[in-house]
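Enquirer:
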Amino acid sequence: MQTVQVDYAGHVQVNRGQNPRELYAHQNEAIKALDRTNQLPFEGLLVLPTGGGKTLTAVHWLLRNFIDKRKKVLWIAHRHELLDQAAETLQLSAYSSILGNIDAFRYRVISGHPKHDRPVNIEPTDDILIASKDSLNSGLSHLINNWVNHTDAILLVVDEAHHATAKTYRKLIDSIKQNFKDRGQAHAFRMLGLTATPFRTDEGEKGLLKKVFPNDIIFSEHLRTLITRGILSEPIFENFETDLDFHQELTDNDIRAIENFDKIPKRVAEKIAISKVRNQRIVQHYIDNREKYKPLLVFAIDVAHAVALNAVFRSRGVNSEYVVGKIADLDTGATISPKDNSEKIKRFRAGEIEVLINVEMLTEGTDLPNVQTVFLTRPTTSTILMTQMIGRGLRGQSAGGTEKAYIVSFIDNWEDKINWVNPEKLHREEGEFLDSELETMKRIARLIAIEKIEEFARMMDDSIDTTDLEKFYFLRRVPVGIYRFSILEPSESGEPINRNYDVLLYNDTEEAYDCFVNDLGAIFQGVNIEDREFLTDSELDYLLQTTKELYFPDHSFLLGYRDEDVKNILRFYAQKEMEPEFIAFSKRRECNLTIVARHIYENDFTIRQSTEYLNSLWNDGKTFWQVLFGYNYLYFKKQVDIEINKLLGVYPNCDPAPPIVIPEEVPIEKLSLFEMRERDPALYRDLKDHVFAKFTDEKGFITCASSGVKSQMRRDFQIDHILPMADGGLTTLDNLQVLTHRSHAEKTRLENLQRK
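Under the numbering used here, read the sequence shown as residues 1325 to 2080, first letter to last.
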């Protein structure tokens, strides 16, 4: 029988000697914490930011504590790139300094990807399986019968563990755990979750994750700590608008191909690659910032793009080279050998090459500590690829790298047809909200700015009529907070794609969204999706229409309402059965441009005085203006002009600005619930949740304090002051109760009669 060699399965021979890759202090601390936890069965989390070495840390620990002791390991993830990364790290870590008791171990990589194996081929002799959760769910019987039943002890590693609350993950985890319980070996099951997403102080989110990982966080290190230690550099994100349109080239099939496979159609890629204007602007931007940016690593779209960019760099006197994962040199048709690539990389490390352009290389594995700047000249829909590209510039000084790293995105106009990954937004999903309140609020403002920047840009475009939007006073257009969540979405490639979503909540919509989100469990009783994670189109449409009728009956008049936001929350709940996280923008009231405009107007500032005043606000590091407007002063100035025009009466029937008063200091308990929501939405939500919790039984039914009527729908009730505020009642937990709308109306009627 003819045989061939495959990369997805085989034996890894243990290399005699010391592993050349030394771990950092935080990685050794993590391993010590894992050793302590492993004395008993556990199901917990290892939390390290991107660049902190999650995979390497976990591999070192499991090789010594499981593979070297002839215990089995199952490593699961949702994308084939993550599986490849894990397999490569395992192979490169097989040294006798870690594996002292064995000479080799057997591995197998399984997924729906053509280059990986299938569950049917799992063998009892496999020591470690690296597999996608979907392939194992579809081949669960093969996993159980061919492998788990032959295993006396197992470590289950869940990569990207923040997705583990999804139903398909839970089904797989529960099946393996139940198998060990049925065999009386529950003590032999361990589970380790890996994630870069810190689990914040939000108790709801922690509680839901604890269902999957009851031991919670075993070890964590914050992004800020690694930056302070110099292990990672401080990322500085910059955007450069190319002002070039490519959306007209896209067909519906093109969009699907990009969304599902992160593959830009060849004809579109060629147009981008050979665009002289675009390439000249990229190079010119480097020339303008040369001393700050060098040495530079460029991620190009394809080989043709790398060649074209290289020619422009060289024509401007920049010593540049390119390395590619392909084999043909487009200039000569000659073969580019791995040796040629290695030589160029070596010269770049030595400082002999100033700019290195690459295609399908250098996203991981290659050590390039001297990179000062990364140019992202290729857009991507892959969060994994984006994370890898960003990571090439984040080696800190203690690790032989730089103190700061510039991540520069070159942004073309796609008219929002493609959900490209935003590098700053992706990076700020890790290590967030761990510093001072000011820094926390600035990060929230950045997230809001990313969503709002299109609105500001439309107002700058005189060809677009934005009068109706401009009539709202500015603070009303600033969100009170955001829902943040991610969804694993099905794709034509057969692997789910992770999508991140932010839903902005405004004064007009916050209360309705809060009721809607809290009632999701009751809403979903109208559909039966059982173990499915994905809603059908008809189910989604039914739930959307139900939601709009119950919670957003006036949706067409609500500022910021979008059907897509509601649908995304519904899809999230179908997959996770949890509420999305809400982050309040508690510094919102400090972003009131109406006050700024009124100060200019009432003091009759000259143009020079106005300019000096606005510049002082813009450059004040304690304010949010630069962050909120995406560091674009023109957007900021345009919005101020709009607010001044309202004071001048340019806008007929415009939304009136609130009066400005000199505030008096009062205890927050003296505020009404409405006023509390305006001033501190986080405190308001926390108090409201505690009030509802006080009147909710173990089955989830809320009980009216007056009539005793029960319902699982929060929208059927409202919060009421037991002692009215008019009689000195305070907004405190012990003075608040839950009433049905009818009971509240009757109570109010009786109180009014008594006052007469």
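Virtual Cβ for every residue (Gly too), placed ideally from N, Cα, C.
#1: DSSP on Leu1347, reduced to helix/strand/coil?
#2: Within the continuous beta strand (DSSP E) that includes Trp1399, where are the two ends?
#3: If the criterion is Cβ atoms closer than 8 Å, does the pair Leu1398 and Ile1478 meet it?
#4: Report buried or exposed for Thr1566, applying the criterion of at least 16 other Cβ atoms within 10 angstroms of its Cβ.
#5: Using only the alpha-carbon positions, how far apart do Asn1682 and Arg1605 sit?
#6: Go ahead and pull the three-state DSSP assignment for Gly1641.
#7: What are the partner residues of His2094, as DSSP defines its beta bridges?
#8: Here's a check: name, in chain order, each residue in its chain whose Cβ is nearer than 6 Å to the Cβ of Thr1320, leaving out the five neighbours to either side.
#9: Which first and last residues belong to the alpha helix (DSSP H) in which Ile1992 is found?
#10: For Thr2055, is the classification buried or exposed, using 16 other Cβ atoms within 10 angstroms of its Cβ as the cut-off for buried?
#11: For Asn1302, which three-state DSSP category applies?
#12: Mind checking whether Ala1410 and Thr1379 have CB atoms under 8 Å apart?
#13: Alpha carbon to alpha carbon, how far is Lys1911 from Ser1639? Give it in angstroms, no decimals.
#14: Give the DSSP bridge partners of Ser1435, in chain order.
#15: Quick one: grab the DSSP three-state call for Phe1906.
#16: What did DSSP end up calling Arg1932 once you bin it into helix, strand or coil?
#17: Taking DSSP as the reference, what is the three-state secondary structure of Phe1366?
#18: In the DSSP assignment, find the beta strand (DSSP E) that holds Gly1517 and state where it starts and stops.
#19: Just reading off the alpha helix (DSSP H) that Ala2017 is part of, what are its end residues?
#20: If distances are taken between C-alpha atoms only, which option among Ala1512, Ser1599, Leu2007, Lys1616 comes closest to Ala1635?
#21: Look up Thr2027 in the DSSP assignment and give the residues it is bridged to.
#22: Just confirm the distance between the C-beta atoms of Leu1387 and Leu1423, as a whole number of angstroms; I'd bet it's less than 8 Å.
#23: Going by other Cβ atoms of all chains shown within 10 Å of its Cβ, with 16 needed for buried, is Asn1577 buried or exposed?
#24: Starting from Gln1502, trace the alpha helix (DSSP H) both ways and give me its first and last residue.
#25: Which value, in whole angstroms, describes the spacing of the CA atoms of Tyr1866 and Ile1847?
#26: Using the rule of at least 16 other Cβ atoms within 10 Å of the residue's Cβ for burial, across every protein chain shown, is Ile1611 buried or exposed?
#27: Would DSSP call Gln2042 helix, strand or coil?
#28: Identify the continuous alpha helix (DSSP H) that holds Ala1410 and give its terminal residues.
#29: Is it true that the CB of Val1481 sits closer than 8 Å to the CB of Ala1333?
#30: Could you tell me the distance, in whole angstroms, from the CA atom of Val1607 to the CA atom of Phe1564?
#31: Of the choices Lys1393, Gly1375, Arg1514, whose alpha-carbon is the least far from that of Ala1428?
#32: What is the DSSP secondary structure of Asn2142, reduced to helix, strand or coil?
#33: Buried or exposed: Thr1945, going by 16 or more other Cβ atoms within 10 Å of its Cβ?
#34: Counting beta carbon pairs with one atom in the region 2060-2075 and one in the region 2028-2046, are three or more of them shorter than 8 Å?
#35: Around the C-beta of Leu1828, are 16 or more other C-beta atoms found within 10 angstroms, so that it is buried, or is it exposed?
#36: At the level of alpha carbons, what is the spacing between Gly1845 and Ala2029?
Expert: So, from the data block:
#1: coil
#2: 1396-1401
#3: yes
#4: buried
#5: 18 Å
#6: coil
#7: Here the chain comprises residues numbered 1325 to 2080, so residue 2094 is not present and cannot be evaluated.
#8: The chain is shown only over 1325 to 2080; residue 1320 falls outside these bounds and no answer can be derived.
#9: First-last for Ile1992: undefined, no H or E at that position.
#10: buried
#11: The structure shown does not extend to residue 1302, since the chain is modelled only from 1325 through 2080, so no value can be given for it.
#12: yes
#13: 49 Å
#14: Per DSSP, none; premise fails for Ser1435.
#15: strand
#16: helix
#17: coil
#18: 1513-1519
#19: 2005-2018
#20: Ser1599
#21: Lys2034
#22: 6 Å
#23: exposed
#24: 1491-1506
#25: 11 Å
#26: exposed
#27: strand
#28: 1404-1416
#29: no
#30: 12 Å
#31: Lys1393
#32: Because the chain spans 1325 through 2080 in this model, residue 2142 falls outside it and cannot be assessed.
#33: Position check: residue 1945 holds Gly in this sequence, whereas Thr was assumed. Gly1945 comes out exposed.
#34: yes
#35: buried
#36: 22 Å
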